[in-house]
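Visitor:
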Amino acid sequence: MQKEDCIFCKIARKEIPSKQVYEDEDVIAFKDINPAAPVHLLIIPKQHYDSLATMGETEIPLLGKMLALAPVLAKEAGATNGFRVVINTGHDSGQEVNHIHVHVLGGARPWKKL
Ligand code: AMP
Ligand code: ZN
Numbered sequence: 690m691q692k693e694d695c696i697f698c699k700i701a702r703k704e705i706p707s708k709q710v711y712e713d714e715d716v717i718a719f720k721d722i723n724p725a726a727p728v729h730l731l732i733i734p735k736q737h738y739d740s741l742a743t744m745g746e747t748e749i750p751l752l753g754k755m756l757a758l759a760p761v762l763a764k765e766a767g768a769t770n771g772f773r774v775v776i777n778t779g780h781d782s783g784q785e786v787n788h789i790h791v792h793v794l795g796g797a798r799p800w801k802k803l
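Printed below as a string of structure tokens:
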């Protein structure tokens with residue numbers, strides 16, 4: 690199911706443009722509009738889920754596909770020296786877009802090392 694007023698559902702439906710780097714029947718990946726690193730991609734499912742907190746065992750294949758795509762897309766985008774994967778989840782994480790997305794950040798390390 691998709692959500693009419695969700696910005697990432699609109700990107701998945703191509704109602705608003707994105708710099709797409711990957712698409713298959715389940716997921717789409719595109720460049721973050723406000724990159725926090727030289728390589729900053731977002732991987733999202735086409736189906737709407739508010740966040741990782743609303744996903745469960747049923748979504749294991751979908752979550753696995755998104756995670757497995759991260760190294761492939763990071764490499765294609767030129768992050769050949771490592772990358773970080775981030776899934777902000779819920780209010781306290783600072784999640785701003787309530788459609789689950791996997792951030793793939795690489796090309797430099799401007800962030801705090803966890
Ligand atoms: P988060 O804070 O984890 O919810 O991250 C949301 C991310 O979506 C931010 O890094 C934004 O820059 C990015 N973003 C918001 N709108 C768009 C858009 N239309 N196209 C690409 N990235 C977007
Ligand atoms: Zn959505």
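Residue numbers (the numbering used here): 690 to 803.
All residues carry an ideal CB built from backbone N, CA and C; glycine is no exception.
First and last residue of the beta strand (DSSP E) that includes V786?
Guide: The residue you call residue 786 lines up with position 97 of the sequence shown. Unbroken run through V786: none, as it is neither H nor E.
Visitor: Got a sec? Which residues, its chain only, sit under 7 Å from C698 by beta carbon, not counting five neighbours each side?
Guide: As a working note, residue 698 is residue 9 in the sequence shown. Excluding sequence neighbours, C698 sits near Q691, K692, H737 and H788.
Visitor: In chain order, what residues of the same chain lie with their CB nearer than 7 Å to the CB of K754, ignoring the 5 residues before and after it?
Guide: As a first step, residue 754 is located in the sequence shown; it is residue number 65 there, counting from the start. Hits under 7 Å: D715 and V716.
Visitor: Skipping 5 residues on each side, what residues in its chain have a beta carbon closer than 7 Å to that of A726?
Guide: Working through the sequence shown from its first residue, we reach residue 726 at position 37. Around A726: L794, G795, G796, A797 and P799.
Visitor: Check the DSSP bridge columns for E712 and list the partner residues they point to.
Guide: Within the sequence shown, residue 712 is the residue found at index 23, counting from 1. BP columns for E712 point to I717.
Visitor: If I follow the unbroken alpha helix (DSSP H) through P750, where does it start and stop?
Guide: The residue given as residue 750 occupies position 61 in the sequence shown. Per DSSP, P750 belongs to the alpha helix (DSSP H) from I749 to E765.
Visitor: Is the number of C-beta pairs between the stretch 737-752 and the stretch 703-713 that are closer than 8 Å three or more?
Guide: no
Visitor: Please determine, among V791, K720 and V728, the residue with the shortest C-alpha to C-alpha distance to T769.
Guide: On the sequence shown, residue 769 is found 80 positions in, with the first residue counted as 1. When C-alpha distances from T769 are compared across V791, K720 and V728, the shortest belongs to V728.
Visitor: Please determine whether the Cβ atom of K692 lies at a distance below 7 Å from any heavy atom of the ligand ZN.
Guide: As a first step, residue 692 is located in the sequence shown; it is residue number 3 there, counting from the start. Yes; taking the cut-off as 7 Å, the Cβ of K692 has a heavy atom of the ligand ZN nearer than that.
Visitor: Helix or strand or just coil, what does DSSP make of I705?
Guide: Taking the first residue of the sequence shown as 1, we reach residue 705 at position 16. DSSP places I705 in coil when its eight states are reduced to three.
Visitor: Can you tell me whether I696 is helix, strand or coil according to DSSP?
Guide: In the sequence shown, residue 696 corresponds to position 7, counting from 1. I696: helix per DSSP, three-state reduction.
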